[in-house]
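> In mature numbering (1 follows the signal peptide of the UniProt record, and there is no 0), the protein residues as written are -26 to -1, 1 to 128.
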Amino acid sequence: MYMKYKRIAAVVAAVYFVAGLFTIEAADAPSLGSNWPNSADVSRSAYHHVYRWQRQGVTYIQVNSASGQPELAFAYTATGSLLLPVGDPDKVHIDLSSTTAPLGGQSIFDDGMVSVVQGATGFNVIASPTNSSQLRAMDESTCNGDPIECSRVN
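#1: Under the rule that 16 or more other beta-carbon atoms within 10 Å means buried, what is isoleucine 68, buried or exposed?
#2: Give the DSSP bridge partners of glutamine 92, in chain order.
#3: Hey, asparagine 9 and histidine 22: beta-carbon distance below 8 Å or not?
#4: From Ile100, Arg26, Thr53, pick the residue whose C-alpha is nearest to that of glycine 7; which is it?
#5: Flag this pair as yes or no: are the beta carbons of leucine 46 and phenylalanine 83 separated by less than 8 Å?
#6: List the whole-angstrom C-beta distance separating valine 60 from proline 44, where the pair is believed to meet the contact cut-off of C-beta under 8 Å.
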């Protein structure tokens, strides 16, 4: 009889352990694109919320308005960047070969690798002046639709 209860207790403990793992995984999920992602706000601005995640060598940045509306998201590595379809991508300019922000722009985020600055016409993502030599921008103008050429960096 004692062995039966011990076996039941072991099964119950295993179920709670597995359920706990799934709960931890769900709580750690980035929720990219949502109004209030599961991440700390790392914004420099009172008018924006900025969220940052890292997964498998890729850094993801999302900028939301003060009310939580997603405005932009992008991903970057040391070899390139990608604007993600979040918010209004037409108002975002990514130039990781530049460290110059537009005049009068408001700095929203800077992690030492990239900076996000809001200018009069939208958002500019530039290389941080402190680490601009570590990032290389992809040259999309010369790839002619060839995936191999498009993956090369300057």
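Just so you know, even glycine gets a beta-carbon here, dropped at the ideal spot from N, CA and C.
Well, looking at it:
#1: For the purposes of this step, residue 68 is taken as residue 94 along the sequence shown, with counting starting at 1. Burial call: buried.
#2: Numbered from 1 along the sequence shown, position 118 holds the residue referred to as residue 92. Looking at the DSSP assignment, glutamine 92 forms a beta bridge with Gln80, Phe97.
#3: In the sequence shown, residue 9 corresponds to position 35, counting from 1. In the sequence shown, residue 22 corresponds to position 48, counting from 1. With contacts defined as CB atoms closer than 8 Å, asparagine 9 and histidine 22 fail to qualify as a contacting pair.
#4: Reading the sequence shown from its first residue, position 33 is the one you call residue 7. Residue Arg26 holds the alpha-carbon nearest to the alpha-carbon of glycine 7 among Ile100, Arg26, Thr53.
#5: Taking the sequence shown and counting its residues from 1, one reaches residue 46 at position 72. Taking the sequence shown and counting its residues from 1, one reaches residue 83 at position 109. Contact flag unset, no.
#6: Position 86 of the sequence shown holds residue 60. Position 70 of the sequence shown holds residue 44. Indeed they touch by this definition, with Cβ atoms about 5 Å apart.
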